[in-house]
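Numbering (this note's numbering), first residue to last: 16 to 196.
Where is the CB? At the ideal position from N, CA and C, for every residue including glycine.
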Amino acid sequence: MGRCRPRRSLCQLADRQPSCCSAISPVQAQACRMRTFRGVQRVPIGRSVELSSEEPELQGRVLVVDDVQDAAASLAMVCELYGAETRTALDGLEAVRVAAEFRPDVILMDITMPTLNGYDAARRIREQDWGKNMVLIALTGWGQPRDVEQALAAGFDGHLLKPVEPLEMLDLVRKLRKRRG
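Right, dumping it as structure tokens:
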């Protein structure tokens, strides 16, 4: 099987530098497929596609809290790709401590965690003067109406189901930031 050789490295594309990406294949093919945050795009061999620089931006500081370290790191990387400065925490107690030091604009927090769950961590953060205006978004696998109500009652501004779609998360952050002023 032949290999496609991109003209621009995936790292450069991830850094979102405006560029054109094409591939050359030594075997006959009709198209090359690449999965991106925007979905799957087919590009005929021999053609190139201009990448859009009009993607949503996520400015400011974001704290990602999840007891699954890979999940926290992955979501933090997504936030960084869109321009945020990030930190991660692996449980609710660490989230409160890191939030006090880091003072994030947005906290994306799992609910079911050891030591201190997301509901109690959100309550503790909201009790602090520095935590009153932060945007808090619950990340959970629980999506029934009562789960959303429980998150809002604990002090979260929004609720997202895992696995999180990056553009959906960015859209919710933008809406909640406007609401918080």
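Taking the beta carbon of residue 130 as the centre, do at least 16 other beta carbons fall within 10 Å, making it buried, or is it exposed?
So residue 130 ends up on the exposed side.
Whether or not the region 103 to 122 and the region 154 to 161 are in contact is what I'm after, with contact meaning three or more pairs of Cβ atoms, one per stretch, closer than 8 Å; do they touch?
Flag = no, the region 154 to 161 and the region 103 to 122 do not touch.
Please state whether DSSP places residue 153 in a helix, a strand or coil.
In this structure, residue 153 counts as strand in the three-state DSSP scheme.
Compute the Euclidean distance between the alpha carbons of residue 146 and residue 74, then round it to the nearest angstrom.
Roughly 18 Å separates the two Cα atoms.
Reducing DSSP to helix, strand and coil, say where residue 102 ends up.
Strand.
Using the DSSP secondary-structure output, state which residues sit across from residue 122 in a beta bridge.
In the DSSP output, where bridge partners are listed per residue, residue 122 has 78 and 151.
Name the DSSP beta bridge partners of residue 173, please?
BP columns for residue 173 point to 152.
Using 7 Å as the threshold, is the C-beta distance between residue 133 and residue 122 below it?
No, Cβ-Cβ distance for residue 133 and residue 122 is not below 7 Å.
Using beta-carbon positions only, say whether residue 172 and residue 150 come within less than 7 Å of one another.
Yes, the pair counts as a contact, with Cβ atoms nearer than the cut-off.
Would DSSP call residue 97 helix, strand or coil?
Three-state result, residue 97: coil.
Spatial neighbours of residue 141 within its chain, please: C-beta separation below 7 Å, excluding the five flanking residues on both sides.
Excluding positions up to five away in sequence, the list reads 147 and 170.
Straight-line CA distance for residue 162 to residue 84?
C-alpha separation (whole angstroms): 24 Å.
Are there 16 or more other CB atoms within 10 angstroms of the CB of residue 50, so buried, or fewer, so exposed?
Only weak support exists for where residue 50 lies, its pLDDT of 41 falling under 50; the value from the coordinates is given anyway. Exposed.
Name the two residues that bound the continuous alpha helix (DSSP H) containing residue 111.
Taken as a continuous stretch (DSSP letters only), the alpha helix (DSSP H) holding residue 111 covers 107 to 117.
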